[in-house]
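> So that we are looking at the same thing, I have put the structure below in structure tokens.
Protein chains: 4
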Amino acid sequence: MIPRYSRPDMVAIWSPEQKFRIWFEIEAHACDAQAALGVIPKDNAAAVWTAKDAEFDVARIDEIEAVTKHDVIAFLTHLSEIVGSDAARFVHQGMTSSDVLDTCFNIQLTRAADILLADVDALLAALRRRAFEHKETVRIGRSHGIHAEPTTMGLTFARFYAEMDRNKQRLLAARDEIATGAISGAVGTFANIDPSVEEHVCAKLGLKPEPISTQVIPRDRHAAFFAALGVVASSIENIATEIRHMQRTEVLEAEEFFSKGQKGSSAMPHKRNPVLSENLTGLARLVRMAVVPAMENVALWHERDISHSSVERNIGPDATVTLDFALARLTQVVDKLVVYPQHMLDNMHKFRGLVMSQRVLLALTQAGVSREDAYALVQRNAMKVWEDGKDFKTELLGDPDVTAALSPAQIEEKFDLGYHTKHVDTIFTRVFGES
Amino acid sequence: MIPRYSRPDMVAIWSPEQKFRIWFEIEAHACDAQAALGVIPKDNAAAVWTAKDAEFDVARIDEIEAVTKHDVIAFLTHLSEIVGSDAARFVHQGMTSSDVLDTCFNIQLTRAADILLADVDALLAALRRRAFEHKETVRIGRSHGIHAEPTTMGLTFARFYAEMDRNKQRLLAARDEIATGAISGAVGTFANIDPSVEEHVCAKLGLKPEPISTQVIPRDRHAAFFAALGVVASSIENIATEIRHMQRTEVLEAEEFFSKGQKGSSAMPHKRNPVLSENLTGLARLVRMAVVPAMENVALWHERDISHSSVERNIGPDATVTLDFALARLTQVVDKLVVYPQHMLDNMHKFRGLVMSQRVLLALTQAGVSREDAYALVQRNAMKVWEDGKDFKTELLGDPDVTAALSPAQIEEKFDLGYHTKHVDTIFTRVFGES
Amino acid sequence: MIPRYSRPDMVAIWSPEQKFRIWFEIEAHACDAQAALGVIPKDNAAAVWTAKDAEFDVARIDEIEAVTKHDVIAFLTHLSEIVGSDAARFVHQGMTSSDVLDTCFNIQLTRAADILLADVDALLAALRRRAFEHKETVRIGRSHGIHAEPTTMGLTFARFYAEMDRNKQRLLAARDEIATGAISGAVGTFANIDPSVEEHVCAKLGLKPEPISTQVIPRDRHAAFFAALGVVASSIENIATEIRHMQRTEVLEAEEFFSKGQKGSSAMPHKRNPVLSENLTGLARLVRMAVVPAMENVALWHERDISHSSVERNIGPDATVTLDFALARLTQVVDKLVVYPQHMLDNMHKFRGLVMSQRVLLALTQAGVSREDAYALVQRNAMKVWEDGKDFKTELLGDPDVTAALSPAQIEEKFDLGYHTKHVDTIFTRVFGES
Amino acid sequence: MIPRYSRPDMVAIWSPEQKFRIWFEIEAHACDAQAALGVIPKDNAAAVWTAKDAEFDVARIDEIEAVTKHDVIAFLTHLSEIVGSDAARFVHQGMTSSDVLDTCFNIQLTRAADILLADVDALLAALRRRAFEHKETVRIGRSHGIHAEPTTMGLTFARFYAEMDRNKQRLLAARDEIATGAISGAVGTFANIDPSVEEHVCAKLGLKPEPISTQVIPRDRHAAFFAALGVVASSIENIATEIRHMQRTEVLEAEEFFSKGQKGSSAMPHKRNPVLSENLTGLARLVRMAVVPAMENVALWHERDISHSSVERNIGPDATVTLDFALARLTQVVDKLVVYPQHMLDNMHKFRGLVMSQRVLLALTQAGVSREDAYALVQRNAMKVWEDGKDFKTELLGDPDVTAALSPAQIEEKFDLGYHTKHVDTIFTRVFGES
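Residue numbers (the UniProt record's numbering), protein chains in the order written: chain A, 1 to 435; chain B, 1 to 435; chain C, 1 to 435; chain D, 1 to 435.
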């Protein structure tokens with residue numbers, strides 16, 4: 001995570017201020033529950049809430065931690081400075097540090113997921129808009145980077161929409177996985193704290209109680225969470241790669257938006273680089289690299305070891321901040337992408353009708369020509385196009401062996417683009433529920 | 001995938017015979033749909049089904065492929081040899097190879113998921129049985145590999161159960177993701193084939209039609225699938241690691257089952273190695289290594305490039321076969337794990353009551369002793385245990401400063417294991433719905 | 001590793017026959033050393049060598065292993081069947097299974113490295129030949145997929161040569177890392193076997209003795225080995241990606257060789273797919289996926305755990321066989337690549353001289369025109385090219401404000417391709433030692 | 001990279017100040033070379049060096065970049081503010097941004113490698129000292145976590161020394177790989193700048209000229225660099241895992257140093273957690289996660305795309321800072337590790353001599369007892385130890401069938417620890433060159 005690739009809302013989730021705020025809420029709600037059980041005095045629990053609107057002094061907490069070498073104790077000491085040692089003396093009773101740390105981490109991930117979901121929604125809106133805008137904008141479909149059959153730019157946007165919509169579902173599932181909390185004590189037995197405290201805190205903070213925890217919340221949840229981010233990132237790479245291809249000098253079917261004032265744009269109009277999409281390709285690698293360490297974190301020793309912690313202190317902010325930035329950047333790229341329909345047609349016609357050779361071949365055989373003869377007929381006309389720069393349809397219309405099997409109208413029909421776009425509405429209805 | 005770590009049912013899914021069987025079904029069902037549309041004669045469609053019970057000759061198909069260098073064409077040629085060229089001439093009409101290949105791959109992955117789900121069910125049953133068996137078998141809980149507070153062996157099994165139950169949900173979601181088919185032609189536009197063919201084939205084969213495909217089914221689905229396998233594998237590593245720790249010479253709280261006849265077992269009774277669990281640790285790495293390449297496969301060029309294919313030809317069988325084997329092996333290990341409750345108690349008492357020092361400390365402060373004094377009291381008695389081998393409870397009972405604050409009964413109570421197990425039923429009810 | 005992507009020599013290294021052959025040699029050489037020390041009778045050692053030319057019966061060994069559940073014991077039992085139980089009784093004395101297994105694995109990896117080095121040499125030869133062939137074949141250099149400045153196809157081949165030459169050095173280092181053997185007993189202390197046995201066996205088999213082993217050879221060596229393979233694979237992806245770009249319909253600067261008889265090539269001459277290069281992209285992912293598990297294998301417990309074994313049984317053959325196949329395939333692709341120099345020129349001129357706009361801008365400022373004015377001059381002429389399809393040089397020559405600053409000859413000079421190729425010889429001399 | 005796991009010297013390498021300082025030196029040296037060639041006036045080149053001791057104003061550069069959206073131009077503008085626009089006008093002439101950026105990045109990596117090499121040297125010194133200190137400290141060697149045969153703590157340290165010494169060689173090779181620079185222009189042809197400029201700049205900055213670059217330095221070098229870091233990290237995990245095992249409550253053969261004042265240490269003397277080693281395990285995962293993205297960065301499009309940049313902006317600092325911190329932390333852990341030789345002996349004797357059962361078995365067969373009988377003899381005595389808590393040697397000495405084959409002295413000899421340590425000096429000489 002570096003400022004260059006960060007947005008403030010997601011960064012804020014991972015700020016020390018925000019972390020201490022969440023810690024406070026966990027502790028304060030736990031006090032309420034303990035008071036309800038009669039374990040601690042109601043007045044003390046109430047007094048803790050006087051810190052509700054306080055600003056926690058991060059520098060002061062750091063200062064205390066430098067002595068105690070324990071972040072939760074440092075925070076509690078500072079809290080005591082705010083609410084008074086009398087109110088503070090029952091805070092954290094029966095709890096273990098991980099109760100606070102793990103519940104907080106899951107709250108942060110849950111909130112991060114909420115931002116990512118909003119990001120995806122914005123991206124979906126842009127993809128949808130562009131899909132309908134270019135529903136009928138014909139371009140050549142390519143397999144292996146080679147011209148195959150016509151498709152439309154709208155279908156390209158529509159498939160990215162469908163893919164991102166699946167990612168939305170994956171993020172929702174990931175959010176659901178991670179939205180748990182645990183207040184279960186040193187080894188998860190609730191020996192020193194009643195399960196109702198966990199239930200209360202979780203209810204207040206929008207979490208489900210972790211059905212069974214040890215000292216920590218089980219890390220398979222986090223592995224699944226970061227794996228979902230990795231899939232989303234891979235889809236971003238997918239879209240970015242398409243745009244990079246479209247913007248290649250020789251293809252030039254689309255360009256990232258280039259602001260008028262941007263230096264060099266008009267003196268070297270050929271030199272507009274898809275740097276945002278290239279950047280997205282790299283960002284995808286960054287998000288994806290969190291997946292394997294998150295999976296390595298699952299196998300903790302017995303009721304916990306702390307090997308996961310340093311990993312999560314990094315990948316927690318890094319992966320979410322980077323993915324948030326990437327989704328927002330991609331949304332902007334999609335939203336403002338300059339599409340060149342004429343270039344699409346020019347490219348499709350680069351080999352003067354040859355992309356239709358397969359349809360002609362099929363038509364000849366269906367008209368009763370033997371497979372071998374049909375092949376030879378197509379081949380001799382195709383070669384004139386490929387080697388001598390002729391137009392395929394013209395050649396076919398001028399070849400008596402071809403016209404003996406197919407009428408001029410039938411030949412014309414093979415070059416009709418409508419043949420290829422006739423099911424676009426069907427597909428749009430599948431994807432968007434309307435066309 | 002090597003025979004040593006393979007089971008026949010999963011291997012069968014990936015056999016050439018099975019693949020050709022699936023290809024046949026896709027083609028034959030597509031013929032039916034085409035006939036229903038009137039695109040091809042009904043008789044021809046019916047005639048294709050004469051190959052229904054035929055054995056496809058893999059060697060013969062390989063022979064043809066050596067000439068045509070195209071696997072689907074080789075298969076279709078062989079099919080023609082079986083059903084006759086007349087019946088065969090309408091097979092595959094309007095379809096592209098990927099329609100067959102991708103739909104088949106997803107069927108294979110779906111069936112693989114079904115086996116994995118059955119594997120997980122068997123593992124869940126074993127974990128549940130062992131959890132209830134050892135619900136009250138007390139052992140020391142450990143954080144950082146160091147004794148913390150008592151827990152029970154049943155809780156250990158129960159948390160593995162809960163984790164695997166989450167994995168079951170992940171596998172179900174992954175199965176759902178991958179259970180799609182596509183018969184949409186060269187670039188996914190249905191130019192040469194009606195969408196109703198896709199719908200018919202999918203319905204017959206238990207798939208949903210892919211809402212929008214290109215030449216291929218989008219690979220974010222597969223990335224999510226293999227990511228789910230990676231999470232399951234990481235959980236296997238988690239359980240295996242616990243068992244390996246339990247079987248360490250110095251811990252010896254459990255052992256993998258060791259058959260009577262197994263060489264060396266009784267002459268060197270101390271040398272029983274947790275080789276199955278160690279093996280599972282390695283197998284987890286093997287399954288996990290499919291995750292990143294599957295994610296790298298997502299960004300195909302335009303309507304498809306074939307870079308994903310070689311990856312999937314390997315990780316498809318490898319990851320599913322290895323995970324199937326690992327789940328079955330783990331089930332056996334769990335099912336037959338030899339548990340040593342007495343060793344658990346012995347270990348817990350290794351430091352003669354010191355694990356209860358925190359409870360005593362807390363009790364002293366709650367009895368009104370200042371935090372500093374309480375700490376000093378516990379410390380001086382703890383040191384006698386640690387350095388001189390004394391018993392903690394005995395020392396406390398003999399320390400007048402301690403007994404001034406706590407009655408002998410109160411001290412005794414601090415060493416009561418029931419304190420730690422009182423919520424086991426609560427947790428079991430959360431996990432299993434009963435206790 | 002699947003047959004489709006395998007070559008016989010590399011596969012043979014990993015065959016059971018070859019493995020047992022190596023095991024035999026380790027054991028027989030160890031017997032010689034033990035006999036020299038007087039630990040076992042010289043006659044027995046000599047008798048073991050009677051199996052020198054024997055075929056080991058893999059099926060028989062498997063049969064024995066099914067009973068003993070131990071592969072080395074099964075082999076030794078079978079060896080005893082060949083050389084007689086009297087000769088066999090001193091075989092393996094003082095050794096531990098890993099002495100055989102680990103030394104064998106390193107021999108296999110060393111031999112695999114030798115094949116890979118030969119593969120790289122063949123690839124280097126092809127790259128060198130093509131580099132000199134196209135040393136002066138001008139093509140446009142591209143950054144971000146966008147035309148930048150001219151370069152030559154020879155430089156493209158030359159940089160791949162330089163990269164692969166570095167990979168050769170990495171493979172040599174990797175081979176050196178892995179060429180060690182260990183015969184050091186159960187925990188590496190030589191308690192039951194003299195270090196001179198290890199020295200003798202290693203000397204005979206072309207290995208260095210591992211300076212300090214435990215039960216196993218340390219796995220950081222293997223991690224470094226597989227990491228080197230991962231880098232080589234990434235370079236393969238790099239070259240493959242270049243070729244895939246060059247073969248795109250719109251670029252068409254080169255094509256993978258397409259044999260005359262290959263179906264469809266002439267009826268659809270535009271549809272020649274770079275499937276070999278795409279396949280290489282996927283194979284690179286497969287090789288690379290061995291890197292992380294190999295690194296995870298390093299941290300074995302104490303003097304060894306066996307978690308690495310299942311990983312290595314897979315990635316050992318898989319990564320080396322796949323990389324061997326990929327290197328050979330790439331060599332063939334490079335060797336036969338069809339290069340289209342005219343298309344390269346056509347592409348370069350797609351925007352009729354605009355790629356030279358930066359040189360013109362620089363020349364104007366050097367001729368004393370202010371930066372702002374120079375920019376405006378270039379811009380107004382560039383726009384006529386970009387929007388109206390004019391020729392850049394012609395426009396410049398016809399612009400009096402331009403010709404006021406630059407003579408026609410000076411303008412012409414800016415479009416001289418020799419300007420860009422003048423240091424090709426320098427670079428070739430750096431890379432190849434000659435030009 | 002977060003402050004918690006960072007050390008200032010390595011962080012400084014990646015500071016903006018340091019980056020601009022390196023940029024300045026590249027530009028200033030390039031001016032000298034250009035002046036020597038007569039391309040720019042010598043006075044201007046000299047004038048640039050007036051900024052030699054200037055502080056570059058990072059905030060000001062950021063401010064300019066916010067307008068120009070180009071970091072190198074922003075820097076050059078600021079440089080112009082320092083040295084005057086007259087001196088500055090020839091700076092960067094003929095160069096491309098990547099000439100500066102890539103050469104700078106490699107300088108930073110080279111300097112990072114120097115710090116890492118110094119870190120490894122410090123670690124080697126600590127390992128060597130502890131190895132000699134505990135050369136003869138006997139402990140049980142373990143395979144599979146199970147007691148095998150005796151070894152010494154010195155051998156454990158010695159093997160970590162040998163492993164880290166190999167890592168030193170790998171880091172040296174990685175440093176050598178990355179210590180190149182390139183000043184070769186937009187596509188690497190030296191069209192606008194003479195190769196002698198590159199040579200001069202590289203010579204001044206301790207780099208080799210990159211033999212052939214494009215717009216960028218080839219990324220296989222960086223892939224190899226980060227792969228080397230990944231191997232080092234895996235070795236750190238290896239050592240950390242050993243320490244974590246040793247500190248387990250049941251093993252307790254060593255502990256991380258625990259300062260007297262550290263809270264809780266004496267009231268709960270059993271609860272000292274190996275948190276530093278656990279942390280190192282996590283840090284290893286963080287370093288390792290840079291390996292795959294660095295490999296994915298190799299396949300750039302044509303003469304460059306910028307996808308690698310965002311990856312490197314993160315993994316450059318992150319991997320080196322984290323590895324530096326981890327090496328230093330590990331050095332401290334090793335240096336101060338508290339070793340418990342008595343616990344080592346206690347553990348070895350946990351099963352009262354059973355670890356010697358294999359030696360006894362071998363001795364019996366060598367004394368002429370049949371394998372079956374020897375096995376039965378060992379077994380019946382071993383069972384008395386295992387099940388009834390007897391002492392193995394005592395039982396053997398009291399078993400007339402055993403003493404019929406082996407004299408008491410022979411039996412005693414089997415329990416002699418010197419048998420296992422007799423080659424420690426040999427191994428030390430191999431590893432350290434002395435013993």
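Using N, Cα and C, we set each Cβ at its ideal position, and we do this for glycine too. This one's a predicted model, so the numbers in the text were calculated from it and none came from an experiment.
Beta-carbon separation of A/E303 and B/T180 under 8 Å?
The residue labelled residue 303 of chain A in the question sits at position 303 within the first sequence. The residue labelled residue 180 of chain B in the question sits at position 180 within the second sequence. Against a cut-off of 8 Å, the Cβ pair of B/T180 and A/E303 comes out as no contact.
> I need the boundaries of the alpha helix (DSSP H) containing B/G316, first residue and last residue.
Residue mapping note: residue 316 of chain B aligns to position 316 of the second sequence, counting from 1. That run of the alpha helix (DSSP H) goes S307 to K336.
> Which of the three DSSP states, helix, strand or coil, is assigned to C/R244?
Residue numbering aside, residue 244 of chain C sits at position 244 when the third sequence is read from its first letter. In the structure shown, C/R244 sits in a helix (DSSP, three-state: H, G or I).
> Would you mind stating whether A/A113 and A/L171 have Cβ atoms separated by less than 8 Å?
Here residue 113 of chain A is taken as the residue at index 113 of the first sequence, counted from 1. Here residue 171 of chain A is taken as the residue at index 171 of the first sequence, counted from 1. In this structure, A/L171 lies closer than 8 Å to A/A113 by Cβ.
> Output yes or no for whether 8 Å exceeds the beta carbon distance between D/T68 and D/A74.
Translated into positions along the fourth sequence, residue 68 of chain D becomes position 68. Translated into positions along the fourth sequence, residue 74 of chain D becomes position 74. For D/T68 and D/A74, yes; Cβs fall inside 8 Å.
> CB-CB under 8 Å to C/L361, same chain, minus the five flanking residues each way: which ones, in chain order?
Position 361 of the third sequence, counted from the start, is the residue given in the question as residue 361 of chain C. Excluding residues within five positions, the ones whose Cβ falls inside 8 Å are A374, Y375 and V378.
> Just tell me which of C/K135, C/F351, C/A148 and C/R221 has its CA closest to the CA of D/R159.
Against the fourth sequence, residue 159 of chain D aligns to sequence position 159. Checked all of C/K135, C/F351, C/A148 and C/R221; the closest Cα to D/R159 is C/R221.
> Bridge partners for C/S143 per DSSP, in chain order?
Here residue 143 of chain C is taken as the residue at index 143 of the third sequence, counted from 1. DSSP lists C/I146 as partners of C/S143.
> Give a yes or no on contact between the stretch 319 to 326 of chain D and the stretch 282 to 296 of chain D, applying the rule of three or more CB pairs nearer than 8 Å.
Yes, they touch.
> Short check: CB of D/A87 to CB of D/L76, under 8 Å?
By 1-based counting over the fourth sequence, the position of residue 87 of chain D is 87. By 1-based counting over the fourth sequence, the position of residue 76 of chain D is 76. No, these two residues do not count as a Cβ contact at 8 Å.
> At a CB-CB cut-off below 8 Å, which residues of chain A make contact with D/S305?
Taking the fourth sequence and counting its residues from 1, the one referred to as residue 305 of chain D is at position 305. In the sequence as presented, Ser is not what sits at residue 305 of chain D; that position holds Asp. What D/D305 touches in chain A: R244, E278 and T281.
> Which chain B residues sit within Cβ distance under 9 Å of D/Q342?
What you label residue 342 of chain D is simply residue 342 of the fourth sequence in a count that begins at 1. None at all; the shortest Cβ gap to chain B is about 13 Å.
> Using a 10 Å radius around the Cβ and a threshold of 16 neighbouring Cβ atoms, would you call A/K208 buried or exposed?
Against the first sequence, residue 208 of chain A aligns to sequence position 208. Exposed, by the Cβ-count rule.
> Below 9 Å between beta carbons is the criterion; list the residues of the stretch 212 to 226 of chain C that meet it against any residue of chain D, in chain order.
Going along the stretch 212 to 226 of chain C in chain order, one finds I212, S213, T214, Q215, V216, P218, R219, D220, R221, A223 and A224 with a Cβ nearer than 9 Å to chain D.
> Of all the options B/F351, B/T103, B/E312 and B/G389, which has the alpha carbon lying nearest to the alpha carbon of B/V201?
Residue 201 of chain B sits at position 201 when you count from the first residue of the second sequence. Nearest option by C-alpha distance: B/T103.
> Shorter than 8 Å from the beta carbon of C/P271 to some beta carbon of chain A?
As a working mapping, residue 271 of chain C is identified with position 271 in the third sequence. Here residue 271 of chain C is Lys; the residue named in the question, Pro, does not match the sequence. At least one chain A Cβ lies under 8 Å of C/K271.
> Taking a cut of 9 Å between CB atoms, which residues from the stretch 138 to 164 of chain C lie near chain A?
The residues in question are I140, R142, S143, H144, G145, I146, H147 and A148.
> Output, in sequence order along the chain, the residues in the UniProt domain "Adenylosuccinate lyase C-terminal" (352 to 432) of chain B whose CB is closer than 9 Å to any CB in chain A.
Cβ contacts with chain A: Q358, R359, L362, Y419, H420, T421, K422, H423, V424, T426, I427, F428, R430 and V431.
> Of all the residues that make up the stretch 163 to 189 of chain A, which are near chain B by a beta-carbon distance shorter than 8 Å?
Residues E163, R166, N167, R170, A173, E177, G185, A186, V187, G188 and T189.
> Consult DSSP for A/T96 and reduce its assignment to one of helix, strand or coil.
In the first sequence, residue 96 of chain A corresponds to position 96, counting from 1. In the structure shown, A/T96 sits in coil (DSSP, three-state: anything other than H, G, I, E or B).
> Of all the alpha helix (DSSP H) runs that stay within the bounds of the stretch 103 to 128 of chain B, which reach a length of 4 or more residues?
Runs found: none.
> Alpha carbon to alpha carbon, how far is B/L205 from B/R175? Give it in angstroms, no decimals.
On the second sequence, position 175 is the one that residue 175 of chain B refers to. On the second sequence, position 205 is the one that residue 205 of chain B refers to. Rounded to whole angstroms, B/R175 to B/L205 spans 14 Å at the Cα level.
> Do C/E242 and C/T156 come within 8 Å of each other at the CB atom, strictly closer than that value?
Along the third sequence, read from residue 1 onward, the residue named residue 156 of chain C stands at position 156. Along the third sequence, read from residue 1 onward, the residue named residue 242 of chain C stands at position 242. For C/T156 and C/E242, yes; Cβs fall inside 8 Å.
> For D/V311, is the classification buried or exposed, using 16 other Cβ atoms within 10 angstroms of its Cβ as the cut-off for buried?
Your numbering for residue 311 of chain D matches position 311 in the fourth sequence. Buried.
> Using a Cβ cut-off of 7 Å, pull out every chain A residue sitting near B/G230, in sequence order please.
Position 230 of the second sequence, counted from the start, is the residue given in the question as residue 230 of chain B. Neighbours of B/G230 on chain A, chain order: A227 and M295.
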